[in-house]
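Q: Quick one: the structure is below, and I'll ask about it shortly.
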Amino acid sequence: MKYLFYIAMVISVFVHAEPYTPKDSDVIAVSSKKIKTDFTKAQLIKLFSESQHVGNTESNQGILKRYLEHKVTQSDDPDIHYFYARLLQREHQFDEAIRILSDVTVQAPQHVNAILLKANLLMVKGKFDEALGQCLSLFGLASIETISTCSLDVKSQNGELKQSYEGLQKIASSSSMSINTRHVLAEMAYRLGYTEQALSYLSNVDLKTAPVSLVVLWADAQLAQKNGSAVLSTLAVLTSENANLEDAILLRLAQAEKVKSQSTKWQEQMAKRVTLRELRQDTYHASDLAWYYLTINRNMAKAKYWARINWQQAKLQSDKRLLELTGLIN
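Listed below in C-alpha cells is the structure:
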C-alpha cells in the first residue's frame, strides 16, 4: 500500500493507516524481545512509537497484540481501548476500530487522539464527510494547526487537493511545524507532482526514527526524481536486521535496484516476500503486491487482482491511482 501507503501512528498527532500482517503466525519478522506481563501507559506509548520505525513494525506488533487483546477485556480505561483500536488499524480491521473509538469518545469526549484516529479511518474508508466532521469537532480541544491538518488532509482526498495544499501552507508555520503536518504537506506535494517541495518538507526529518509511511513517501519522491541510488544507499542502512524490513520498504529498494543497480538482491528478497504473501492470501499488503506487479515483475492480471482487493479496503487517492494504472478505471 502506498502512502505511502503509509501512515504513522497517532500518539499526539494525526496519522494514516498502514498495512500490517493480521495474525501472529503470519508475522515474517522474528522478535527477540521478551514479552512483559504488564505495561505502564508511558511504556505502551514508547512501544507504539518504536513500532513505527523501519524494521520494527511487525516484530512489535506481536508483543502489542498479545498484551492488548488480554488487557482490553479487563479494563474500561479509554486509553487502553484507544491503543487497541490502533492495533486493529494496523490489521485493517477498520470497522471494528471505528466502533471502539466511537465508544471511547462517548466515555471520554475530549480524547483528541481517538477523534483524530477515527477521522483517519473514516477517510481511508472514503467516508470523507464523516471524517471532516470528526476533525471539526476538535475545536476547543486541539491546536489550529492540528485541526487544519486533519481537515485539509480529508479535503485533499476528496477533490480539493491543490486548494488544501495551498491552504495548509498558509496556516502552518515552517519554524514550529509538527512532523505530522510536514508529512501531510509533503504527501500533498507529492500527489501534485511537486517532488522537490515534497522532499524539502522532509529534508530535516531523521529517517531512522521517522514513521515507515514517511520513509516510504521520501523514497517515492526520490524515485520520482530518478534518485534510485539515494534510495538504495539510505534505506538499506536504516536497520541492521534487513530480514525485518517492511514490505513497503523492501518494495522501494527493489524498485530502485531495478533501474539503478546491476544487483538483484532486493528484487529477489521482494519476490520471496510476495510469494509468501500470496500463499497466505495476505490482503493487508494488497497495495504493495499490486505495485510489485506493476513495477518489478510485470504481470497486469495480478496487478489488477491486488489493486481490486486493495480498493475494497482503502479508498484514498493513491488507491484510486492504482485502479487507473491497472486499467480498472479510466
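Under my numbering, the first residue of the sequence shown carries the number 8, and numbering increases by one thereafter. C-beta atoms are modelled at their ideal positions from N, C-alpha and C, and glycine is treated no differently. Small disclaimer: the values here were computed from a predicted structure and weren't measured.
Nearest by alpha-carbon distance to E203: which of A310, N211 and A193 is it?
A: A193
Q: Taking Cβ positions, are L159 and G174 nearer each other than 7 Å?
A: yes
Q: Any idea if R198 is buried or exposed, counting beta-carbon neighbours within 10 angstroms, 16 or more meaning buried?
A: buried
Q: By DSSP, does A283 sit in helix, in strand, or in coil?
A: At residue 283 the sequence reads Leu, which differs from the Ala that was named. In this structure, L283 counts as helix in the three-state DSSP scheme.
Q: Per DSSP, what kind of secondary structure is E173 in: helix, strand or coil?
A: helix
Q: Please go through the same chain and pick out, in chain order, the residues whose beta-carbon is closer than 6 Å to the beta-carbon of G133, but skip the five residues on each side of it.
A: K322
Q: So, is F101 buried or exposed, given that buried needs 16 or more other C-beta atoms within 10 angstroms?
A: When all chains shown are included, F101 counts as buried.
Q: Check for me: the alpha helix (DSSP H) holding P116 runs from which residue to which?
A: Here P116 belongs to no alpha helix (DSSP H), and DSSP marks it neither H nor E.
Q: Rounded to whole angstroms, what is the Cα-Cα separation between F146 and A49?
A: 26 Å
Q: Going by C-alpha to C-alpha distance, which of W318, H190 and E137 sits closest to S220?
A: H190
Q: CB-CB under 8 Å to F46, same chain, minus the five flanking residues each way: which ones, in chain order?
A: L54 and Y74
Q: Can you list, in chain order, the residues of its chain with a C-beta nearer than 7 Å to that of L214? Leave out the 5 residues immediately preceding and following it.
A: V222, W225, T241 and L245
Q: Could you check what DSSP says for V61 in three-state terms: helix, strand or coil?
A: coil
Q: Kindly provide the ranges of any alpha helix (DSSP H) runs that are 4 or more residues long and lie completely inside the stretch 172-235, ordered along the chain.
A: As far as the stretch 172-235 is concerned, its whole alpha helix (DSSP H) runs of at least 4 residues are 186-199, 202-209 and 219-231.
Q: Which residue's Cα is closest to the Cα of E275: R287, L286 and A261?
A: A261
Q: Can you grab the Cα-Cα spacing for the pair A278 / Q117, in whole Å?
A: 46 Å
Q: Among residues of its own chain, excluding the 5 on either side of A293, which ones have a beta-carbon nearer than 6 Å to its beta-carbon?
A: For A293, where only same-chain residues beyond five positions count, the Cβ hits under 6 Å are W313, I316 and N317.
Q: Can you give the Cα-Cα distance for Q81 and A297, rounded to whole angstroms?
A: 40 Å
Q: Hey, A263 and G235: beta-carbon distance below 7 Å or not?
A: In this structure, A263 lies near G235, with their beta-carbon atoms less than 7 Å apart.
Q: Go to F146, then tell me how far its alpha helix (DSSP H) extends in each direction, as first and last residue.
A: Unbroken run through F146: none, as it is neither H nor E.
Q: Going by the CB atoms, is the gap between A104 and L128 shorter than 7 Å?
A: yes
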